[in-house]
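Down below is the structure, laid out as structure tokens.
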Ligand SMILES: C[S@@+](CC[C@H](N)C(=O)[O-])C[C@H]1O[C@@H](n2cnc3c(N)ncnc32)[C@H](O)[C@@H]1O
């Protein structure tokens with residue numbers, strides 16, 4: 001992957017995170033910011049004024065590095081934060097009470113009986129769907145082309161490992177994040193690395209102000225924009241998946257690449273379109 005043209009700078013919010021901030025900055029070819037005041041006491045306004053001055057921009061993004069790992073801070077008119085999370089209360093609730101293999105995503109990837117298909121998540125984003133699938137026993141390869149989102153996911157995995165929760169660690173061990181373009185990965189996949197399922201959840205222009213689009217996804221959209229090439233993902237995935245390709249779409253969206261699926265599972269706001277692998281592709285399933 002090419003280095004980022006304008007990578008977010010990194011600010012350690014406490015002394016204990018200073019080394020980690022340097023490590024993340026090196027990782028994305030960026031630099032560390034040093035605030036001229038005690039950050040623990042800084043009000044958001046003072047912090048944002050400092051960020052504007054230090055970056056020379058009236059709005060922008062900076063990585064915050066702190067005890068909970070990395071988060072992406074959007075400064076400017078409406079400051080907001082984006083992070084991936086694999087251990088907090090909402091995630092834990094879904095893990096324990098989210099409906100297990102009865103969930104629509106589980107049925108879409110074909111998790112039934114004792115089957116635990118391997119999954120290549122070609123649009124990993126913040127890793128939320130991948131985490132659900134890994135919680136249900138799937139080994140998941142997470143491919144994300146945005147280095148910023150990739151770092152958020154890596155950092156969240158690192159942070160969640162610190163919980164010393166054996167079950168959680170087993171889930172995290174099934175997640176393998178990679179910073180890459182999934183179209184290239186899929187096109188060059190060796191036979192032995194073919195997954196049972198390729199999972200796609202490309203960006204779809206968010207319906208403005210819809211309460212159904214989570215704030216998080218709006219921030220991700222701000223960061224990566226639309227995925228106008230998402231039809232290429234489907235074309236690259238179809239010959240590779242041993243069992244099926246699953247596409248998550250807003251309920252009202254047109255079929256990805258104009259290609260009708262073999263069947264759909266529909267929910268309140270989203271649906272899953274399932275494309276079954278052709279017989280000649282299914283050898284070994
Ligand atoms: C809607 S988000 C995915 C959200 C994810 N399912 C989750 O649970 O957090 C779509 C993501 O796919 C990524 N993406 C789109 N095309 C890609 C490609 N060709 N290779 C890798 N990542 C891609 C985008 O950068 C974006 O982060």
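In our numbering, the protein residues as written are 1 to 285.
All C-beta atoms, glycine included, are put in the ideal place defined by N, C-alpha and C.
Residue environment: residue 44 is assigned as exposed (fewer than 16 neighbouring CB atoms within 10 Å of its CB, all protein chains considered). Three or more Cβ pairs drawn from the stretch 78 to 86 and the stretch 151 to 161 lie within less than 8 Å of each other, which places the two stretches in contact.
Under the three-state reduction of DSSP output, residue 117 falls in the coil class, being neither helix nor strand.
Taking residue 157 as the centre and dropping the five residues before and after it, the same chain places the C-beta of 172 closer than 6 Å to its C-beta, in chain order. For residue 27, same chain residues with a beta-carbon under 8 Å away, outside a window of 5 residues either side, are 151 in chain order.
Spanning the alpha carbons of residue 256 and residue 50 requires a straight line of approximately 43 Å.
Between residue 137 and residue 106, the alpha-carbon positions lie close to 10 Å from each other.
The beta carbon of residue 204 sits closer than 6 Å to those of 250 and 253, all from its chain and outside the five residues before and after it, given in chain order.
Not one heavy atom of ligand 1 lies closer than 7 Å to the C-beta of residue 32.
With respect to the 8 Å criterion, residue 200 and residue 247 are classified as neighbours on the basis of their beta carbons. The criterion of a C-beta distance shorter than 8 Å is not satisfied by residue 224 and residue 189.
For the stretch 178 to 221, the continuous alpha helix (DSSP H) assignments of 4+ residues that do not extend past its boundaries occur at 182 to 187, in sequence order. With the rule of 3 Cβ pairs closer than 8 Å, the stretch 161 to 170 does not count as touching the stretch 70 to 78. Setting aside the 5 residues that flank it on each side, residue 144 is surrounded in the same chain by 124 and 150, each with a C-beta closer than 6 Å to its C-beta; the list follows chain order. The beta carbon of residue 226 sits closer than 7 Å to the beta carbons of 203 and 205 from its chain, once the five residues preceding and following it are set aside; these are given in chain order. Each of 121, 229 and 110 was checked against the Cα of residue 264, and the nearest Cα belongs to 110. Bounds of the beta strand (DSSP E) holding residue 275 are 270 to 276. In the structure shown, residue 65 falls within a strand segment according to DSSP collapsed to helix, strand and coil.
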